Every structure is written in structure tokens, then in C-alpha cells.
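The numbering of the sequence shown is the working numbering, which starts it at -12 and goes up by one.
Here's the structure we're looking at; comments come further down.
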Amino acid sequence: MDWIDEQIMKIQDKVRNLSLLKGALVYLAFFSGIAMILTILTNRISDRRIFMWLSGSVEMAEWEPSFWTFLEHWAGYIYMGTGMVLMLVLFYHNRLKKPIRIIQEGVEEFRKQNLGFPLEYDSRDEMGELCRLLDSMRENLEERYEDLWQTIENQRKLNAAFAHDLRTPLTVLKGYSEFLARYLPQGKVNAEKMVQVLELMSGQLERLTSFCKTMKSARSLEEYPVEKRRSTLEGLCRKIRGILEALSFGGEVELSLACDFPAEKQGYYDENLVLEVLENLLSNAIRYAESSIVIELDTEKRGGKEYLYLYVEDDGPGFSGDGLREALEPYWGQENSGEHFGLGLHICKTLCQLHGGAFSIANQSRRQGAIASASFEI
């Protein structure tokens, strides 16, 4: 019996994998054959019964001769019609019902924008091929949607990064504007200080112009342009002092800078990018520092390359365990968590990597507070 069952299953698989037309012909041949056999048997029985009635060997009720005569003439049509109905029902149930249901469910899931719903139908007929084509289309749409959402997410991160970075230049400009408005009418600003303030304000305006140009060309934060130029490190320190001075106006947090480079010390770096990293770190540090923030710049040669290191320390609550593990991820944390978090640190990490360096965060060992370390290949 096992061998017979195995052969029957093989025949069923072969029939199931035939094309719909060939499958329908097989079903038609099978049921037509059964109808023909039943018709022949019925006709023979009817002929025999009528012959026996006519010869007087069998007595029949009044309705029986008419019944056997009817069967003799119409049995073939009855069997063939019944066979066609059974053939259509079984053909639909075995060959069409399941793939149609799969396609209907798939289309409904597509309508709900669920592209993770596979259309799987194990058959080599037209319905199986249709399901495979629809599933291939689903996979292509899923990939396109993933690319689209990734593009949208990249643009969202880029826009958020620029919005985040615009705050400090605007704050610096506002600080120096208030400084001039307060002390210039009183004659407390000499010509040298006036020129210095105007140079610093002009530098911030140039940075805002650079931001606008970059927003037009960059499609993601990872495509942020790095424009290195050979410049003195003392010039960078001077600009950082100007930023700290502007941020200190009316502030309750003391900002200090440890930066001691020889006047001739130069580096090959993107000044705007370094300042953006600094300003992102300052934005976080000012938010959580209690009384002081210390910024330190230094250089170090490692592996045949020279790096500029930027350290920002504050005396705030520092990072939690989760913060140390996840704070560099975009949009990590919540505003009311009381921790360093958000897009700013992710921006710092990305910009440092684009500049050939690295970025890390930690809690200070000597006192309470957080420390961020950014390096740039120069």
C-alpha cells in the first residue's frame, strides 16, 4: 500500500505542476472517462432489464420500463453533466482556490503598506508563476521603500544637523551684538577690540553661508563635504576663544580654554568642521554643566599621522550606563532624562570619522562630570 500511495502522490504532484490548460484537460479526460464507463454500464443494465421485460422473464411495475428507457437514452448526458460540475469544483478547489486566496491576502497586505508579507505558492503552473512574479514585485517595492525611507531619514538627520549647528553661530552673533549695543555707546570698546569682534562676527556669517551651500549639495550627513586647508592652530584657538567669549555673556557657566600652540604650528584640517564638533559638544555641556566647562586642544603623532585632539569636560551629572553605550546613536534618549543625548553627539562622531579621526565619551575619573574626546587627522 505504501508503494501505491507513493505512486498516487507522484501522479498528483505531476498533475498539480501541469499548466492550467493541461491540468484542465487531464481533469476533463478523467471525469469524461468515468462518465463514459458509467454510461456504458448503465446502458447495458437498461438494455438487459428492458429485454428481460419484453421476453416476459421479468415483471415490472408500470413506471419501471419508462425509467430504464429514460436511463438508456439520457444516462450519458446526466453522467457527463455531473462529471463537468465535479470537474469544475475539484479543479477550482485543487488548482485555483489556494493561489487566489494567497493573492487576495497579499494585495490586502499591500494595501495596508505591509511589504513584508510573502506570496508563496509551491507550483510550477501559471498561478505559481503569477505568485512568484507578484512576490518579486513585492521584494522590489520593499527595497525601493527601504531606499526611500533611508533617503528621507538621511535628509531628516541632515536637516536636524544643520538646525542643530546653526544655533551656536547665531548665539555668538547675538552675544556680540548685545556686547556692542551695551558697551559701544559708553565708549568702552576700543578700536582694536572693535576690529576683533567684527572679524569674529564676519567669521560666523561666513560659516552660516557655508552651511547654506552645504545644505544644497549634501544628501546625507555622511556626504558632508570636508574641505581641509593648511592653517595655524593658534588661529583656531583664537576663534574658539572668541566663541567662548560670546557664549559667556550673561551665562552662569564658566568657560575656559587650554590651548598652547606655537605661532608657527600648522595643520591640514577643515576649520569649520572642527568648530561644528566643538559647538555641538558645547551645546550639550552647557545644558548639563553646573558651574564650569573646560576645553582643551592638543596634538599627537600616532602611526605616522598627526592628530588634533579636542577635549570638552563639564561638571554635570555625567553619563549613565545606558548613555555610555548608546548616546552616540541618533535620537537616543529623552529630553527629560537629565543626560547627554541626542543628535549632537551622533553628528560629532560622524564628522570626526569623515575627518579621519574618532570620537568617544566617558565619565571623568577625578571628579563628577562627563568628558568628550574628538580627534581629527591633520
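Note that the Cβ used here is the ideal one computed from N, Cα and C, for glycine as well.
All values reported here derive from a predicted model rather than from experimental measurement.
Here the alpha carbons of Ala168 and Asn267 stand approximately 27 Å from one another.
Residue nearest to Phe306 within the set Leu41, Lys84, Ser347 is Ser347 (criterion: CA-CA distance). When C-alpha distances from Lys85 are compared across Tyr108, Ala314, Leu185, the shortest belongs to Tyr108. Per DSSP, Asn267 is one residue of the alpha helix (DSSP H) stretching across 258 to 275.
In the structure shown, Ala11 adopts helical secondary structure according to DSSP, grouped into three states.
Following the DSSP letters along the chain, one finds Leu284 in no alpha helix (DSSP H) but inside the beta strand (DSSP E) bounded by residues 279 to 289. The C-alpha of Arg98 lies about 35 Å from the C-alpha of Val72.
Per DSSP, Ile227 is one residue of the alpha helix (DSSP H) stretching across 220 to 235. Residue Arg225 holds the alpha-carbon nearest to the alpha-carbon of Pro249 among Glu232, Leu234, Arg225, Ile230. Contact annotation: Leu187 and Gly222 have beta-carbon atoms that are not nearer than 9 Å. Nearest Cα to Gly331 within the set Ala359, Gly343, Gly344: Ala359. Under the DSSP assignment, Ala62 falls in the alpha helix (DSSP H) whose first and last residues are 50 to 78.
With respect to the C-alpha of Tyr132, the residue from Val45, Leu75, Tyr170, Gln100 having the closest C-alpha is Gln100. In this model, Asp301 and Tyr275 are separated by some 8 Å (Cα to Cα). In the DSSP annotation of this structure, the continuous segment of the beta strand (DSSP E) that includes Val299 starts and ends at 292 to 301. In terms of Cβ geometry, Ile227 and Leu195 do not form a close pair [threshold 9 Å].
DSSP, reduced to helix, strand and coil, places Gln253 within a strand of the structure shown.
In summary, Asn127 is exposed, with fewer than 16 beta-carbon neighbours lying within 10 Å of its beta-carbon over all protein chains present.
Taken atom to atom, the span from the alpha-carbon of Glu209 to that of His80 is near 55 Å. The Cβ atoms of Leu7 and Glu96 do not sit closer than 9 Å to each other. Here Phe18 carries a helix assignment [DSSP, helix/strand/coil]. Asn271 counts as buried, since no fewer than 16 other beta carbons sit within 10 angstroms of its beta carbon. Using a Cβ distance threshold of 9 Å, Leu244 and Leu260 do not count as a contacting pair.
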